[in-house]
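These notes concern the structure reproduced below.
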Amino acid sequence: MTTHANESSQQELTSILYLDGVSVSFDGFKALNNLSFVVEPGEMRAIIGPNGAGKTTMMDVITGKTKPDTGEVFFKGGIDLTKHDEAFIANLGIGRKFQKPTVFESQTVFHNLELSLKGEKGVMTTLFAALNDAEVARIIDVLGTIRLTEKAGDLAGNLSHGQKQWLEIGMLLMQDPDLLLVDEPVAGMTDAETEQTAILLREISATHSVVVVEHDMEFVRALKSKVTVLHEGSVLAEGSLDTVQNNQRVIEVYLGR
Amino acid sequence: MANTIFKTNKGPFVSLMTGLPGGGKTFLGILLVAALLVPLSNLLLPETSPFHVPTYLVSLMGKYVCFALLALSVDLIWGFAGILSLGHGAFFALGGYAMGMYLMRQIGDRGVYGNPVLPDFMVFLNWTELPWYWYGFDMFPFAMLMVLLVPGVLAFVFGWFAFRSRVTGVYLSIITQAMTYALLLAFFRNDMGFGGNNGLTDFKDLLGFDLQVTGTRLSLFVASVIALGLGYLVCCFITQSKLGRVLVAIRDAESRTRFSGYRVEYYKLFVFVVSAVLAGIAGALYVPQVGIINPSEFSPANSIEVVIWVAVGGRGTLWGAVLGAFLVNWGKSYFTGSFPEAWLYMLGGLFVFTTLFLPKGIVGTSATWIEKLKNRRRESPDIGAPLSVKEE
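These protein sequence lines map, in sequence, to chains Z and Y. Under the numbering used here, think of the first position of the first sequence as 135, with each following residue one higher. Under the numbering used here, think of the first position of the second sequence as 59, with each following residue one higher.
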């Protein structure tokens, strides 16, 4: 018992993201049920699970949108995420990409990235803000990473679906977060775009911790990362994709219906 | 092309110096010309000249200019931050009341009852002492400070609770309506000490200048035009800054903006307070020109009308809101004279027409058309020069 407690507190300190016994219920429906998992610094983790497994609720809890009923959520060892709001958590270094691509449609790609720039986000600072050369260089750099250099002056609303997804990933990169939460990045993408996105995310994971929620098995395979399977709000299995695909309970949940 | 994109955002001062949003310079030019020509034509041209602007028309236009500033303040929050206030008339009226209180104190012993301190309505109510909240309004600077502070503080307190509780969309619009309606009922009461139903009127002079004299009326007109021009520049400064882009981001994708690390409520609060102060200034300039302020200025219908002006002119275009205010009010003056029964139907019809056929208003829609025409000309090979020639 003591050893277990020591072990978990050790993990709590060294991990980038630590969830322990998190439960959330909406009107009696348990969206998350005693969910626990740990992401190590620099790790890329894929989270899969059928609809209603609690993936989006989990993201909401980590980013401060939803407060858990019970359980602990820690970031970078000591920071209790349940005590902060979205803006604070974003500035702490957690970036979130929504399931539906959400960019600022009536503004240019360049301005979308400018708005996401890391830094002081107070009202007066923003009113008098001017871009310096280093910041412009950073934006140009990210434009290259997300393959949108040619589109810098276009309105984000005129981009294709896949390009919007990339732009949103680019906006996360501008925040320079320690942890990226990416919700279904390839939903609605063509095969070529999906492949590009996997390459993009692998590039990103070289320097950031990344949690990817995804349905698409081919894509998860292309990520070559550890996989956590969620079911009914808790962890069903964890390991390499091959291991979890051969797990009897996972097969039952996915195919047994 | 790419280079110009990367050179954007050198800070709001540079943005304002190097370029106003589409049509901004023309708009300021028109204001300048109006501020010069209207008084000159009134003073120098004989009354028989077709270009003579009679004094009553100067005051009428001055009134429109105040409405235009109010429309501008609504466009700043609705067009850019997506906050649809249906109670902005309240801030306008509060600014007006602050000015009205100063003008009442200026009357002094020239009132009907000749009381040197108490305004007539207080004497009529058998009050013997000036209520504490009337203190200081005999001093012009104090009254002007109140013109800014009263709407600003109300907007701050209201916005603090509304935005922090994340009240948005229709719900926010409804509570702004409730706010102005509550103020309407409060100001109707005689024991509030603001003249009840009749409001404040019978003003004599402002800073010692007789309000009935042509020179004063011309000065008030020019002051209103200057206020509109400055208000426009303030709005341009805000909307062209990075903060302006954050506001548009909030309008289009509020939660994305939160997850990008912006405290959305503070941004909304900032722009709501600026907007309320602009509306208050508009009200303060309006009152001496029309000669009365009463609780009907708080009526919810007034605030809704402002929204129609902005919608007709074009949301998020700033000077479009000004254009809308002029057009609708000119229409109102004309039609309430010629067909008084039909006006409300026409106003309603106008709103429906705008929503259905001109969702971006006059300015927004014509800008889209011009853009389309330009693109067509560029794409079509038989009009204009071929592309290769252009590049050389």
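Note that CB positions come from ideal geometry on N, CA and C, so glycine has one too.
Could you list which residues in chain Y have their beta carbon closer than 8 Å to that of Arg230/Z, in chain order?
Translated into the one-based positions of the first sequence, residue 230/Z becomes position 96. Within chain Y, the residues near Arg230/Z are Phe317.
Limits of the beta strand (DSSP E) - the one that Asn167/Z falls within:
Residue 167/Z sits at position 33 when you count from the first residue of the first sequence. That run of the beta strand (DSSP E) goes 163-173.
Are the segment 353-369 of chain Y and the segment 235-253 of chain Y touching by the rule of at least three beta carbon pairs closer than 8 Å?
yes
Does DSSP put Phe252/Y in a helix, a strand or coil?
On the second sequence, residue 252/Y is found 194 positions in, with the first residue counted as 1. In this structure, Phe252/Y counts as coil in the three-state DSSP scheme.
Ends of the alpha helix (DSSP H) at Arg355/Z?
Position 221 of the first sequence, counted from the first residue, corresponds to residue 355/Z. Element bounds for Arg355/Z: 351-357.
Reducing DSSP to helix, strand and coil, say where Leu176/Y ends up.
By one-based count along the second sequence, residue 176/Y stands at place 118. Looking at Leu176/Y - three-state DSSP - the assignment turns out to be coil, as it is neither helix nor strand.
First and last residue of the beta strand (DSSP E) that includes Leu265/Z?
Looking up residue 265/Z in the first sequence gives position 131. That residue, Leu265/Z, is in no beta strand (DSSP E); it is neither H nor E in DSSP.
Beta-ladder partner(s) of Lys231/Z, from DSSP
If you number the first sequence from 1, residue 231/Z lands on position 97. Answer is Val316/Z.
Could you confirm whether any beta carbon from chain Z is found closer than 7 Å to the beta carbon of Asn433/Y?
To locate residue 433/Y, count along the second sequence from 1; it is residue 375. So no, Asn433/Y is outside the interface.
Residues near Val320/Z in its chain [Cβ-Cβ closer than 6 Å; skip 5 each side]:
Taking the first sequence and counting its residues from 1, one reaches residue 320/Z at position 186. Closer than 6 Å at the Cβ level, and outside the excluded window around Val320/Z, lie Thr328, Thr331, Asp350, Phe353.
The segment 377-391 of chain Y in contact with the segment 323-334 of chain Y per 3-pair CB rule at 8 Å:
no
Three-state secondary structure assigned by DSSP to Arg434/Y
Locating residue 434/Y in the second sequence gives position 376, where the first residue counts as 1. Residue state, collapsed to three classes: helix.
Would you verify that the beta carbon of Arg373/Y is, or is not, closer than 7 Å to some beta carbon of chain Z?
Here residue 373/Y corresponds to residue number 315 of the second sequence, with the count starting at 1. Not an interface residue.
Tell me whether the beta-carbon of Arg383/Z lies closer than 7 Å to the beta-carbon of Phe317/Y.
Here residue 383/Z corresponds to residue number 249 of the first sequence, with the count starting at 1. Here residue 317/Y corresponds to residue number 259 of the second sequence, with the count starting at 1. No, the pair does not count as a contact, with Cβ atoms beyond the cut-off.
Boundaries of the alpha helix (DSSP H) in which Ile223/Z is found, first to last residue:
Indexing the first sequence from 1 puts residue 223/Z at position 89. Residues 220-226.
Would you mind giving the Cβ-Cβ distance between Leu335/Z and Val346/Z, rounded to the nearest angstrom? I have them listed as a contact below 8 Å.
Residue numbering aside, residue 335/Z sits at position 201 when the first sequence is read from its first letter. Residue numbering aside, residue 346/Z sits at position 212 when the first sequence is read from its first letter. Right, their Cβ atoms sit about 7 Å apart.
Under the rule that 16 or more other beta-carbon atoms within 10 Å means buried, what is Val344/Z, buried or exposed?
As a first step, residue 344/Z must be located in the first sequence, where it is residue number 210. Counting Cβ neighbours within 10 Å, Val344/Z comes out buried, since at least 16 surround it.
Pro439/Y (DSSP reduced to helix, strand or coil)
Counted from its first residue, the second sequence places residue 439/Y at position 381. A caution first: Pro439/Y carries a pLDDT of 47, below 50, which makes its placement in the model unreliable, though a value can still be read off. Note: Pro439/Y maps to coil in three-state DSSP.
Can you confirm whether Glu318/Z, when its beta carbon is compared against all beta carbons of chain Y, has any partner nearer than 7 Å?
Taking the first residue of the first sequence as 1, we reach residue 318/Z at position 184. Answer no: the Cβ-Cβ gap between Glu318/Z and chain Y never drops below 7 Å.
In angstroms, rounded to a whole number, what distance separates the CA positions of Gly382/Y and Tyr122/Y?
Working through the second sequence from its first residue, we reach residue 382/Y at position 324. Working through the second sequence from its first residue, we reach residue 122/Y at position 64. About 11 Å.
When you compare each of Val421/Y, Gly407/Y, Thr186/Y to Gly81/Y by their alpha carbons, which one comes out closest?
Along the second sequence, read from residue 1 onward, the residue named residue 81/Y stands at position 23. Checked all of Val421/Y, Gly407/Y, Thr186/Y; the closest Cα to Gly81/Y is Val421/Y.
Which residue from Ser391/Y, Leu264/Y, Leu327/Y puts its Cα closest to that of Ile135/Y?
Against the second sequence, residue 135/Y aligns to sequence position 77. Cα-wise, what sits closest to Ile135/Y is Leu327/Y.
Does any CB atom of chain A fall closer than 7 Å to the CB of Ser131/Y?
The structure shown contains no chain A; its protein chains are Z and Y.
With a Cβ-Cβ cutoff of 7 Å, do Leu142/Y and Ser231/Y count as a contact?
Taking the second sequence and counting its residues from 1, the one referred to as residue 142/Y is at position 84. Taking the second sequence and counting its residues from 1, the one referred to as residue 231/Y is at position 173. Their beta carbons are under 7 Å apart, which means Leu142/Y touches Ser231/Y by this criterion.
Could you round the C-beta distance between Gly349/Y and Thr423/Y to whole angstroms and report it? I think they count as a contact, below 8 Å.
Translated into the one-based positions of the second sequence, residue 349/Y becomes position 291. Translated into the one-based positions of the second sequence, residue 423/Y becomes position 365. So it is not a contact: roughly 38 Å between Cβ atoms.
Within chain Z, partners of Ser299/Y - CB distance below 8 Å
Residue numbering aside, residue 299/Y sits at position 241 when the second sequence is read from its first letter. Going along chain Z in sequence order, the residues near Ser299/Y (Cβ under 8 Å) are Thr260, Leu261, Phe262, Ala263.
According to DSSP, residues forming a beta bridge with Gly373/Z:
Stepping through the first sequence from its first residue, residue 373/Z is reached at position 239. Gly373/Z is bridged to Val361/Z.
Let me check one thing: in DSSP terms, what residues is Tyr152/Z bridge-paired to?
Locating residue 152/Z in the first sequence gives position 18, where the first residue counts as 1. Beta-bridge pairing links Tyr152/Z to Val172/Z, Phe208/Z.
Three-state secondary structure (DSSP) of Arg303/Y
Start at 1 with the first residue of the second sequence, and residue 303/Y comes out as number 245. The answer is helix: DSSP assigns Arg303/Y an H, G or I state.
Run the CB neighbour count on Leu243/Y, radius 10 Å, all protein chains shown included, and call it buried at 16 or more, exposed below.
Walking along the second sequence from the start, residue 243/Y turns up at place 185. When all chains shown are included, Leu243/Y counts as exposed.
How big is the Cα-Cα spacing for Phe195/Y and Leu269/Y?
Sequence index remark: in the second sequence, residue 195/Y carries index 137 (1-based). Sequence index remark: in the second sequence, residue 269/Y carries index 211 (1-based). Each residue's Cα considered, the two are about 18 Å apart.
Pull up the distance between the alpha-carbon of Asn255/Y and that of Asn352/Y, whole angstroms please.
One-based indexing of the second sequence puts residue 255/Y at position 197. One-based indexing of the second sequence puts residue 352/Y at position 294. If I take the Cα positions, the gap works out to 7 Å.
Which class does Asp325/Z belong to by DSSP, given the choice of helix, strand or coil?
Here the question's residue 325/Z lines up with position 191 in the first sequence. Reduced to three states, the DSSP call for Asp325/Z is helix.
Quick one: grab the DSSP three-state call for Ser318/Y.
If you number the second sequence from 1, residue 318/Y lands on position 260. The answer is coil: DSSP assigns Ser318/Y none of H, G, I, E or B.
Tell me, which residues are paired with Met178/Z by DSSP?
Residue 178/Z sits at position 44 when you count from the first residue of the first sequence. Per DSSP, Val344/Z.
Just the chain Z side, please: which residues come within less than 7 Å of Phe328/Y by C-beta, in chain order?
Residue mapping note: residue 328/Y aligns to position 270 of the second sequence, counting from 1. Correct list: Val257.
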